[in-house]
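Colleague:
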Amino acid sequence: MEEVMLPPLESRKERTLAKSLDNQATHDLFILNKEEIYEYDIKDMKMTSSREVRHNPNLAQANAPPPKKTKVTFSREDFIDPIISEGISVEDWMKENENLYDLKFKRDEKRGKKIQKRPFTRPESQSSLDSGGMREGTTKLPVLKDVFLKEKPPSKQLVHYLDILSGEKQSNTKKIQKVAPDDEEEISKLKTGDDAVAFFSKAGKSTAVKFVYLNRADSNGVDYRPYDLVVVPKSDTNPEYFTMSSTGVVHICPGQPTEYMSLSEWMKESTMFNVLRRIRFFKYYLVHKCFRLWYQNARYLKYSKKRLDLAKNFFLAKKTFSSSIMKIHKLSYDLQYTPIMDLREKENSSEPSVTIEQFHEAQKELRSKSSKTFDEIIEKMEEILVQLCEDVTSRSRVPDMNASENIEAYLSGKIPTIETEDDFSAKKSKSMVEAQEEEEKRQRALKKAREEADMLGNFIRVSDYMAVESLVTLSKKILDKFKVTLQETKSILFLVNLLFKQDGSGDIVFEPSEGSIMHVLQSNSDEIVTTVSQVPRLLYMRKFKVYFDNMDKFKMDEHLRQLHVGKVLQRDEVFNSIKSQIEMMLHNDFLKALEYGKDFEGLKYWYKFGKDWDEKYAEKRHTVQEFTDKIKHVNDALLELKRMNFVQEKGILFIDSKQLRNTLQPIMENIYEQIKLSISITSREMCLELNKKFVERVRIMKEEPTKLKDFAKFIDNHNKIRKETRQLMIAADEVEKMNELAAKNKVEMERADQVALESLKEIKDEFLQVFKKAELYKENNMSSKKAELEENVQKVSDDLLDMMTVLRNPPFVTADADPVDVLEKLSRLGEEIAQFKEKTEIYKEYQVLLEAPVKEWTNLTGAETQFNIRSQIWKSIDEFSKKSEVWDTTDIQKQEISEIEQEVEKYYQLANELSRFGEDDVIRLLKKTVQVWKDNLPVILLIGNKDLKPHHWEQIFKGMGKESAKGASYTLRQLSTLGIFMYKDLISEVSTAASAEAALYKKLEYIAQVWRETDLDFKALPHRKDFYILNQTEPIQRLLDTHKSELKEMLESKYVTIIRTRVEDWIKKLDNVSIIFHEWLSCQRRLLSLEYILTSDLIKKEHPEDVARYISISSEFKDLISKTSLNRNVLVATHEEGILDSFGRWNMAFDEIESNIKSAEEGDDLIESEEDDDGEEDDLEDNDE
């Protein structure tokens, strides 16, 4: 049994119950039997199928058959309890469930309680769409109401709902007012379906217009818009039309079931349709479909056309070209398999490797042969094409058009042919029909021959392209085969030698390098391209040029450029990929070779060892241990070279390392021979030297001296020999070991060397015996020699004591002694002290040698100290006396007073230091002399001021009450005689004034120097290159301001008296420069500003005199600038005679010119204003009228 939904009678504002009923699956409140449902009859509608009812339950009522009495069963608990328990009014429940069409009642199966079913009848009631609403009728449900009112007091909403169901709302019957469908006033406001939807959504059921009629909107036949409707009167409805009311939309279409849809669903589907139509797929679906149909048809037509063209122009399909094209194919095949690269087979090659030079020569030789083969094949192709062209052109040859019969045939549209005499006689013997048929056959053959003749150019091009394709394929195949040969068969291995780098670093390099082999491989690829590119092209042959005369030359050249073999191969991805793979293969193999080369890094040490080997090694002396180490080193190197692996294959590289051994082995053998030679030389030299040393020492130790000096020397030599004995014995053993090493390494020794070795052994034994005898002699004579030494030391000490006494007595301590005599005596004493010092040093050595106690020479130290003090005192007195005499007698202005100050300070400190050793008359004399100069030094510094001028000396002498001679020079002695040191304050004041005046003078000289070096800067106008104006005047203005302020400050100084006149003159000069600069810049600025005004045609016409004056001034200004540019110094330029008057005169003229122009402009403005006033008065009069 199928279940359907009954619609409620009213709509709800709230939808809470519907949601809860949906969520809890309790919305199935009623169960109806579809066969028993009351069915409302709607005229002119057909029964809706069960499938349509399931998809749209609202259609059940609209398409129901005539009504019958229908029994409806319901369950009280299922219907009322949920509503009351939820506290929802029946009216709200009705509004919530207005979209539900069928009310369902079902049995409560859970409680197993059977609800009594009571039938109720609904009077027959028909609804008609053309009446605009339901007909009058009553609905009674007494049983339903009774059931609801038995349990509990119902709510007002429930009573209201039951009254509606039973038709008992205040009055038992109520007539439903009909809707007037032809209400023109309301319907006239509705135009489209959207207007109708908006109207019914807003007005609901309260409006007088209950429904309207609608037709589909007119479309252009392409755009499908099923939801676009227009409102029409009933009389204008189409056979297919729509009706719309507040409840929904009904679609009526003849011959199809009527469809119903609520307004909300209609708007939802309409909106969804519009949204879908905006999606790109649906929006352009028809356009895309039409385009696809067109595209497919167009491609098919193009394909058909190409197929037809191919059938017409396919060479293999034509008997004339078929044999020739097959021959061309065969020759192209021969081209394709012509060897252009020597890939030598491994079984045919005797050498395991090949050098890059051999590889290059082999490829060059083979390509030379291949080029000849290519030429032969192309010649055969040329012969085939020439024969073909002659055959085709002979059959298509046109007869002589001068013959009358040929002209008539041509005018009649037939193609004339050449006829022989046999053809003419045979033609006369045939019937006219046969002759006509034969003539037509002949014409067709001639036409075909002509068409084939026109195809000759394309056939030649095809042949040429086939040759090009074969050459390109050959190049790619041969390069690919070369790659396979390198990868798999290994029949080509490039010989690579391992060598030491020539820079002496010992680094191992590969020869040839990766770059060299890479260059050969790249050159090989390039030469392959060059070889196939040099093959003659059929298109370039003169014999075939006639067949391309009618072709577009530009297109022909473009085709040839694109199909150039070299360019095709350069652009070919496969060819370039194979080249890259070969280069990458070489690179990877070289990486492996580099790893293999690391095994020989140890040879780098031996190579550097050989390079760093001293070629003069044999000339130098070495120890036995050094010889042993070097020989072991060399033997290790030779052993390593002997064990070295010479050859190794790494990919496509055959690595040969024999060159490393061939380089190192001679070096190591040479070093070994040098070591052996050095052993022989060193052994000989050491043997001879030791013999000499032993003989010399034996001689020394055999002496027996008696004097103290000789005995001390004997003791010294004996001690030295004792220290050397161990080294001599070691050296002797070294010689013996070296001879053993020489014998071990098979070093050839001369007879003299062996004799020297025997002598060495004998003298060594004698040395040991003599050494013992010398030791005994020393012990026996030591005591007597010590006593003799002690006597000599005591005598020297007494002499030094006497010398100290002499230095403490006159004349060395007398102040009035002559320093020259004293210094002479001190010089003699100094020589004696030096001799005593030399003796003491000798005696100290003797004491050490004889092992006697070494005494301190205190008398010698005291004598030296006393001598140094006296010498320094008398030298200082003598030197200071001489310098004082120079200072006193030299002009004070010519001396460096700072040096005098330094010397006085030095001797003052020296006198104080010497006084620490004790004062006597001589030291006091020195201190007194220096102190006098130190006291006068402040005044000396003042009078030594270089800024003192003659007038300053006049002031000094005037202050002293003395008279001074003009131009005289003064010494310190003269000034001291005059008592100048008593006037320190006077001299200080005058010296200070002299320094200040000198500072002012220097500043003034600096200002003058600056202005002597300051020049004017000119620049040309952009539009007048011959007219110059001042440029960059700001620096000059800053100098003017700065120097004027400095000069004013100088005038305010009290020391400016001497140079006041010069300062005032400079102030006047700078004021003059400032004034002239102001006038100059003003004139220049006005000159430039008036230029743009006076050059206009209007001004020239109105002010000719002003323009003439301006031109004159401009010319004078230009002349002034030209004159000034000869000497651009600011002072010179601004002090030119009449320059200020010129600028003043020009500025006054500019004032007059500007005044005239301004007056003329004011007059024009006044005239314009008067004209404006007259115009306003006229306007006012017009307005008054």
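Be aware that the sequence shown starts at 1, since it is given in UniProt numbering, and climbs by one per residue. Backbone N, C-alpha and C fix where the C-beta goes; we use that ideal spot for every residue, glycine too. Owing to the predicted nature of the structure, the values given are computational and were not obtained by experimental measurement.
Between which two residues does the beta strand (DSSP E) containing G248 stretch?
Modeller: In the sequence shown, counting from the first residue as 1, residue 248 sits at position 248. Where G248 is concerned, the enclosing beta strand (DSSP E) stretches over 248 to 252.
Colleague: Give the range of the beta strand (DSSP E) segment to which D1026 is assigned.
Modeller: Here residue 1026 corresponds to residue number 1026 of the sequence shown, with the count starting at 1. Unbroken beta strand (DSSP E) run through D1026: 1024 to 1030.
Colleague: If you draw a straight line from the alpha carbon of A752 to that of C687, how long is it in whole angstroms?
Modeller: Counting from 1 along the sequence shown, the entry for residue 752 is found at position 752. Counting from 1 along the sequence shown, the entry for residue 687 is found at position 687. Approximately 11 Å between the Cα atoms of the pair.
Colleague: For the alpha helix (DSSP H) containing L331, list its first residue and its last residue.
Modeller: For the purposes of this step, residue 331 is taken as the residue at position 331 of the sequence shown. Segment 319 to 336, the alpha helix (DSSP H) holding L331.
Colleague: Can you tell me the Cα-Cα spacing of L316 and V462, whole angstroms?
Modeller: Residue mapping note: residue 316 aligns to position 316 of the sequence shown, counting from 1. Residue mapping note: residue 462 aligns to position 462 of the sequence shown, counting from 1. So the alpha carbons of these two residues sit roughly 12 Å apart.
Colleague: Hey, out of T355, E382, Q659, D464, whose CA is closest to F500's CA?
Modeller: Taking the sequence shown and counting its residues from 1, the one referred to as residue 500 is at position 500. Checked all of T355, E382, Q659, D464; the closest Cα to F500 is Q659.
Colleague: So is A743 buried or exposed if we call it buried at 16+ other beta carbons inside 10 Å?
Modeller: As a first step, residue 743 is located in the sequence shown; it is residue number 743 there, counting from the start. Exposed is the call here.
Colleague: Here's the rule I'm using: 16 or more other beta-carbon atoms within 10 Å means buried, otherwise exposed. How should R1086 be labelled?
Modeller: As a working mapping, residue 1086 is identified with position 1086 in the sequence shown. Counting Cβ neighbours within 10 Å, R1086 comes out buried, since at least 16 surround it.
Colleague: Does the segment 938 to 956 come close enough to the segment 978 to 986 that 3 or more CB-CB pairs lie under 8 Å?
Modeller: Result yes; three or more Cβ-Cβ pairs closer than 8 Å.
Colleague: Could you tell me whether any non-hydrogen atom of the ligand MG is closer than 6 Å to the CB of T1124?
Modeller: As far as ligands go, the structure on display features none, and thus does not contain the ligand MG.
Colleague: How far does the beta strand (DSSP E) with F654 in it extend, from its first residue to its last?
Modeller: For the purposes of this step, residue 654 is taken as residue 654 along the sequence shown, with counting starting at 1. Where F654 is concerned, the enclosing beta strand (DSSP E) stretches over 653 to 656.
Colleague: Following the continuous beta strand (DSSP E) through N497, name the residue where it begins and the one where it ends.
Modeller: Residue 497 sits at position 497 when you count from the first residue of the sequence shown. 494 to 500 is the extent of the beta strand (DSSP E) around N497.
Colleague: Less than 7 Å between the C-beta atoms of W1080 and F1143, yes or no?
Modeller: Taking the sequence shown and counting its residues from 1, the one referred to as residue 1080 is at position 1080. Taking the sequence shown and counting its residues from 1, the one referred to as residue 1143 is at position 1143. Yes, the pair counts as a contact, with Cβ atoms nearer than the cut-off.
Colleague: Of all the options L308, I1157, A993, which has the alpha carbon lying nearest to the alpha carbon of H952?
Modeller: For the purposes of this step, residue 952 is taken as the residue at position 952 of the sequence shown. The shortest Cα separation from H952 among L308, I1157, A993 belongs to A993.
Colleague: Quick check: the segment 1119 to 1130 against the segment 1147 to 1159, are at least 3 beta-carbon pairs closer than 8 Å?
Modeller: Cβ pair count under 8 Å is below three, so no.
Colleague: Can you give the Cα-Cα distance for I578 and P339, rounded to whole angstroms?
Modeller: Residue numbering aside, residue 578 sits at position 578 when the sequence shown is read from its first letter. Residue numbering aside, residue 339 sits at position 339 when the sequence shown is read from its first letter. Rounded to the nearest angstrom, the two C-alpha atoms are 18 Å apart.
Colleague: What whole-angstrom Cβ distance do D589 and I652 have, given they're in contact under 8 Å?
Modeller: On the sequence shown, position 589 is the one that residue 589 refers to. On the sequence shown, position 652 is the one that residue 652 refers to. Rounded, the Cβ-Cβ distance is 5 Å, consistent with contact.
Colleague: Rounding to the nearest angstrom, what Cα-Cα distance links Y607 and V496 in this structure?
Modeller: Here residue 607 corresponds to residue number 607 of the sequence shown, with the count starting at 1. Here residue 496 corresponds to residue number 496 of the sequence shown, with the count starting at 1. Roughly 20 Å between the two C-alpha positions.
Colleague: Cα separation between residue 1186 and L594?
Modeller: There is simply no residue 1186 to check, as the chain begins at 1 and stops at 1185 in what is shown.
Colleague: So, under 8 Å CB-CB, M804 and N859 are touching, yes? Tell me the CB distance rounded to an integer number of Å.
Modeller: The residue you call residue 804 lines up with position 804 of the sequence shown. The residue you call residue 859 lines up with position 859 of the sequence shown. Going by Cβ atoms, the distance from M804 to N859 rounds to 7 Å, so yes, they are a contact pair.
Colleague: Answer with buried or exposed for L464, where buried requires no fewer than 16 other C-beta atoms within 10 angstroms of its C-beta.
Modeller: Working through the sequence shown from its first residue, we reach residue 464 at position 464. In the sequence as displayed, the identity of residue 464 is Asp instead of Leu. Its Cβ being crowded by 16 or more others within 10 Å, D464 is buried.
Colleague: In angstroms, rounded to a whole number, what distance separates the CA positions of A618 and G602?
Modeller: As a position in the sequence shown, residue 618 is number 618, starting the count at 1. As a position in the sequence shown, residue 602 is number 602, starting the count at 1. Their Cα atoms are separated by approximately 27 Å.
Colleague: Just to confirm before moving on: does the CB-CB distance between D768 and N691 stay below 7 Å?
Modeller: Sequence index remark: in the sequence shown, residue 768 carries index 768 (1-based). Sequence index remark: in the sequence shown, residue 691 carries index 691 (1-based). Note that residue 768 corresponds to Leu in the displayed sequence, not to Asp. In this structure, N691 does not lie closer than 7 Å to L768 by Cβ.
Colleague: Tell whether a beta-carbon distance below 7 Å holds between Q336 and L538.
Modeller: Locating residue 336 in the sequence shown gives position 336, where the first residue counts as 1. Locating residue 538 in the sequence shown gives position 538, where the first residue counts as 1. No; because the gap between Cβ atoms is not below 7 Å, this pair is not in contact.
Colleague: Let me check one thing: in DSSP terms, what residues is N215 bridge-paired to?
Modeller: In the sequence shown, counting from the first residue as 1, residue 215 sits at position 215. For N215, which the question treats as bridged, DSSP gives the partners V230.
Colleague: Could you check how far apart the C-beta atoms of T531 and L343 are, in whole angstroms? I think they sit under 8 Å.
Modeller: On the sequence shown, residue 531 is found 531 positions in, with the first residue counted as 1. On the sequence shown, residue 343 is found 343 positions in, with the first residue counted as 1. Wrong, their Cβ atoms sit about 15 Å apart, outside the cutoff.
Colleague: Only counting the same chain, and skipping five residues up and downstream in sequence, which positions put a Cβ closer than 8 Å to that of E265?
Modeller: As a working note, residue 265 is residue 265 in the sequence shown. Once the five neighbours on either side are set aside, the close Cβ partners of E265 are G248.
Colleague: Using the C-alpha atoms, what's the distance from Y300 back to R444?
Modeller: As a position in the sequence shown, residue 444 is number 444, starting the count at 1. As a position in the sequence shown, residue 300 is number 300, starting the count at 1. Roughly 32 Å separates the two Cα atoms.
Colleague: Of the choices S324, E903, I378, G830, whose alpha-carbon is the least far from that of D391?
Modeller: Taking the sequence shown and counting its residues from 1, one reaches residue 391 at position 391. Answer by Cα proximity: S324.
Colleague: Would a C-beta distance cut-off of 7 Å place I763 and F694 closer than the cut-off?
Modeller: Numbered from its first residue, the sequence shown carries residue 763 at position 763. Numbered from its first residue, the sequence shown carries residue 694 at position 694. Contact: yes.
Colleague: With a Cβ-Cβ cutoff of 7 Å, do V930 and Y907 count as a contact?
Modeller: In the sequence shown, residue 930 corresponds to position 930, counting from 1. In the sequence shown, residue 907 corresponds to position 907, counting from 1. Contact flag set, yes.
Colleague: Among T393, S262, P257, whose alpha-carbon lies nearest the alpha-carbon of G204?
Modeller: Taking the first residue of the sequence shown as 1, we reach residue 204 at position 204. Taking only the C-alpha atoms, the option nearest G204 is S262.
Colleague: Which residues mark the beginning and the end of the alpha helix (DSSP H) in which Q534 is found?
Modeller: Locating residue 534 in the sequence shown gives position 534, where the first residue counts as 1. Premise fails: Q534 is in no alpha helix (DSSP H) and is neither H nor E.
Colleague: Compare the C-alpha of Y1001 against each of L975, E669, R1060 and name the closest.
Modeller: Along the sequence shown, read from residue 1 onward, the residue named residue 1001 stands at position 1001. Out of L975, E669, R1060, R1060 has the C-alpha closest to the C-alpha of Y1001.
Colleague: What is the C-beta distance between S969 and E954, in whole angstroms, given that I count them as a contact (C-beta under 8 Å)?
Modeller: One-based indexing of the sequence shown puts residue 969 at position 969. One-based indexing of the sequence shown puts residue 954 at position 954. Wrong, their Cβ atoms sit about 14 Å apart, outside the cutoff.
Colleague: If you reduce the DSSP assignment to three classes, tell me which class E1064 lands in.
Modeller: In the sequence shown, residue 1064 corresponds to position 1064, counting from 1. In this structure, E1064 counts as helix in the three-state DSSP scheme.
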